[in-house]
Amino acid sequence: GDNMAAALDEAQAAGRKYINVASQLLSSK
909 GDNMAAALDE
919 AQAAGRKYIN
929 VASQLLSSK
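So the sequence shown is numbered by this note's numbering: it starts at 909 and just counts up by one.
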């Protein structure tokens, strides 16, 4: 239902944030 969709949206947002931070750390070295 809607709860599952919301959970997936939050998971995707968290994943993008993690990838963004990781890429910044890698590019800063």
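Just so you know, even glycine gets a beta-carbon here, dropped at the ideal spot from N, CA and C.
Please read these numbers as outputs of a predicted model, since none were measured by experiment.
Through-space distance from residue j to residue i, alpha-carbon basis
{"i": "residue 927", "j": "residue 917", "result": "15 Å"}
{"i": "residue 912", "j": "residue 919", "result": "10 Å"}
{"i": "residue 915", "j": "residue 924", "result": "14 Å"}
{"i": "residue 922", "j": "residue 937", "result": "23 Å"}
{"i": "residue 931", "j": "residue 910", "result": "31 Å"}
Coil, strand or helix - residue i by DSSP
{"i": "residue 937", "result": "coil"}
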